[in-house]
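Participant:
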Amino acid sequence: MGSADNCFQRLFLSFHASIFGFLNACRPLLGLDRTYLKNKYLGTLLLATGFDGDGALFPLAFGVVDEESDENWMWFLCELHNLLETNTENMPRLTILSDRQKGIVEGVEQNFPTAFHGFCMRHLSESFRKEFNNSLLVNYLWEAAQALTVIEFEAKILEVEEASQDAAYWIRRIPPRLWATAYFEGQRFGHLTANIVESLNSWIAEASGLPIIQMMECIRRQLMTWFNERRETSMQWTSILVPSAERRVAEALELARTYQVLRANEAEFEVISHEGNNIVDIRNRCCLCRGWQLYGLPCAHAVAALLSCRQNVHRFTESCFTVATYRKTYSQTIHPIPDKSLWREMSEGGDPSVGKGGVEAVVINPPKSLRPPGRPRKRRARAEDRGRVKRVVHCSRCNQTGHFRTTCAAPI
């Protein structure tokens, strides 16, 4: 709230159930995004979202601000850090995905200095598409981002170079450690995007058109419903891993049956397949293909090695993929809130404007309206028009230049 005029300035919201679920059961991965509000006073909704063990979005925190700015992103990330630090003894080393605009980069560096901060590939590919407008080149960019090894990555970049030198130069200007799986140091579990607003579009679009209090209520109700539905759904699962992880392990098991396994010692294995040879270390949970390390689930080579020594494959997955952990994610409840008419606290004298203890209630004025984000729309000068000499017009009535007969004001 602004101190001078009591106008609403910004609001930070996170529910205890979300905080508990993220810190105790979610992957240590956060996506940052924003959407512009469409209500009377405009503004921006900032979002921080995690991912549960089954890969679904897990909204953690929301911020309502008057505009998207470096200062507001810094404030939001500071509040987010304080929130996590207050609720855990050991802050997880996070991986954060965003569009890496200046305010977010500085906010992450100051508040989460140990975090791995990468590009959201949706934002990066959109910028690339606007520059080159070539679907084949965009596909090459995504394939390069998804490549697990440096050799695979460089092979994809060579394909880009063969198609367009300019596109390859554009890509190489951006450090691959910020976006390419082969170079990125953090663990993204296969998530390359933080397209939170797109994924939540069905109800975020509805909520963003409401006044601020009603919008927060809409968000709370949606999260309350999600928590209950996902909690009840998980109680019906009988597998060890969540469905998406079970499917990946099943696919790996199918491939592993076609591989030949040679054991070097109690931990190291050489796995031979038609793709080539890969080295697996079950003690350190790693494979030369890097699939095990990057996704947190044993790759087909690792599964083959584990089966050869009669190990339980499920014991070698990250804990966030187990059904037990998933249930912990949604174990807390987001409670209903009574009708607004029951919120008011009456003083002994019965004056609703005075709260308990005789302290006058603070009146918060609406935020100051802002123009919509972006540059004002105006007629764009076409390239072919630049440098063109303007045609001189003549009036057929007075024979003067600069106007037409219909607008002539000269005396007859």
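Quick note: the sequence shown uses the UniProt record's numbering, first residue 1, plus one each step.
Glycine included, every Cβ here is placed at the ideal spot set by N, Cα and C.
Express the C-alpha separation of P113 and I272 in angstroms, rounding to a whole number.
Facilitator: Whole-angstrom Cα-Cα distance: 41 Å.
Participant: Can you find at least 3 beta carbon pairs, one from the region 287 to 302 and one from the region 243 to 259, that sit closer than 8 Å?
Facilitator: Yes, they touch.
Participant: Let me know the secondary structure DSSP gives N6 once reduced to three states.
Facilitator: Looking at N6 - three-state DSSP - the assignment turns out to be coil, as it is neither helix nor strand.
Participant: Looking at the structure shown, is R129 part of a helix, part of a strand, or coil, going by DSSP?
Facilitator: Reduced to three states, the DSSP call for R129 is helix.
Participant: What is the DSSP secondary structure of V362, reduced to helix, strand or coil?
Facilitator: In the structure shown, V362 sits in coil (DSSP, three-state: anything other than H, G, I, E or B).
Participant: Out of S125, A194, Q9 and A207, which has the shortest C-alpha to C-alpha gap to W170?
Facilitator: Comparing Cα positions, the closest option is S125.
Participant: Can you tell me the Cα-Cα spacing of F15 and L60, whole angstroms?
Facilitator: Rounded to the nearest angstrom, the two C-alpha atoms are 8 Å apart.
Participant: I need the DSSP call for S347, collapsed to helix, strand or coil.
Facilitator: Residue placement at S347 is flagged as unreliable, the pLDDT there being 47, under the threshold of 50; the coordinate-derived value follows with that caveat. Here S347 sits in coil by DSSP.
Participant: Skipping 5 residues on each side, what residues in its chain have a beta carbon closer than 8 Å to that of K156?
Facilitator: Counting only Cβ-Cβ distances below 8 Å, and skipping sequence neighbours, we find Y140, E143, A144 and A147.
Participant: Would you please state the rounded distance, in angstroms, between the beta carbons of F22 and F58? I believe it to be under 8 Å.
Facilitator: Rounded, the Cβ-Cβ distance is 6 Å, consistent with contact.
Participant: Quick one: grab the DSSP three-state call for Q311.
Facilitator: DSSP places Q311 in coil when its eight states are reduced to three.
Participant: Would P336 and M215 qualify as a contact pair, given that the criterion is a beta-carbon distance under 8 Å?
Facilitator: Taking 8 Å as the Cβ cut-off, P336 and M215 do not qualify as a contacting pair.
Participant: Tell me the residue span of the beta strand (DSSP E) that contains N277.
Facilitator: Start and end: G276 to D281.
Participant: Exposed or buried, which one is P28 when buried takes at least 16 other CB atoms within 10 Å?
Facilitator: Counting Cβ neighbours within 10 Å, P28 comes out buried, since at least 16 surround it.
Participant: What residue range does the beta strand (DSSP E) around V242 cover?
Facilitator: Premise fails: V242 is in no beta strand (DSSP E) and is neither H nor E.
Participant: Taking the alpha-carbon positions, what's the L42 to Y36 distance?
Facilitator: Those two C-alpha atoms are separated by around 7 Å.
Participant: Output the boundary residues of the beta strand (DSSP E) element that contains D33.
Facilitator: Start and end: L29 to Y36.
Participant: How about C289 and N278: do their beta carbons lie closer than 8 Å?
Facilitator: In this structure, N278 lies closer than 8 Å to C289 by Cβ.
Participant: Which residue from C320, N24, K130 and E206 puts its Cα closest to that of S244?
Facilitator: Minimum Cα distance to S244 is reached at C320.
Participant: Can you give, in chain order, each stretch of the alpha helix (DSSP H) that sits fully within the region 295 to 340 and has at least 4 residues?
Facilitator: Listed in chain order, the complete alpha helix (DSSP H) runs (minimum 4 residues) inside the region 295 to 340 are 300 to 308 and 323 to 329.
Participant: Which class does S273 belong to by DSSP, given the choice of helix, strand or coil?
Facilitator: Strand.
Participant: Closest by CA to D99, which one among V138, D33 and E154?
Facilitator: D99 has its Cα closest to that of D33, out of V138, D33 and E154.
Participant: How many Å lie between A194 and H123 at the Cα?
Facilitator: Between A194 and H123, the C-alpha separation is close to 9 Å.
Participant: Please specify which runs of the beta strand (DSSP E), each continuous and at least 3 residues long, are wholly inside the region 46 to 128, giving them in chain order.
Facilitator: For the region 46 to 128, whole beta strand (DSSP E) runs of length 3 or above, ordered along the chain, are 57 to 65, 95 to 98 and 116 to 119.
Participant: When the distance is taken between beta carbons, is R172 closer than 8 Å to N72?
Facilitator: No, the Cβ-Cβ distance between N72 and R172 is not below 8 Å.
Participant: Let's test the definition: count the other Cβ atoms within 10 Å of the Cβ of K328 and tell me whether it reaches 16, buried, or not, exposed.
Facilitator: Classification of K328: buried, given that the 10 Å Cβ count is 16 or more.
Participant: Comparing C-alpha positions only, which one of N90, E254, C287 and A250 sits nearest to A267?
Facilitator: Selected option, being the one with the closest Cα: C287.
Participant: Name the DSSP bridge partner or partners of V160?
Facilitator: Paired residues: none, contrary to the question.
Participant: Using 8 Å for Cβ pairs, my map puts I334 next to A48. What's the rounded Cβ distance?
Facilitator: Contact doesn't hold; Cβ gap of about 17 Å is too wide.
Participant: I need the boundaries of the alpha helix (DSSP H) containing R257, first residue and last residue.
Facilitator: R257 -> no alpha helix (DSSP H), and no H or E assigned at all.
Participant: Which residue from C120, N134, I196 and V280 puts its Cα closest to that of P176?
Facilitator: The option with the nearest alpha carbon to P176 is C120.
Participant: May I ask you to report which of helix, strand or coil DSSP gives I401?
Facilitator: According to the sequence provided, residue 401 is Thr. The question's Ile does not apply to it. Note: T401 maps to strand in three-state DSSP.
Participant: DSSP state of R263, grouped into three classes?
Facilitator: Of the three classes helix, strand and coil, the one that applies to R263 here is strand, per DSSP.
Participant: Check the C-beta distance from A25 over to T325 and give it rounded, since I have them as a contact under 8 Å.
Facilitator: Between T325 and A25 the Cβ distance is about 5 Å, and since that is below 8 Å, they are a contact.
Participant: Where does F20 fall in DSSP's three states?
Facilitator: The answer is helix: DSSP assigns F20 an H, G or I state.
Participant: Within 10 Å of its beta-carbon, does R188 have 16 or more other beta-carbons around it, so buried, or fewer, so exposed?
Facilitator: Buried: at least 16 other Cβ atoms inside 10 Å.
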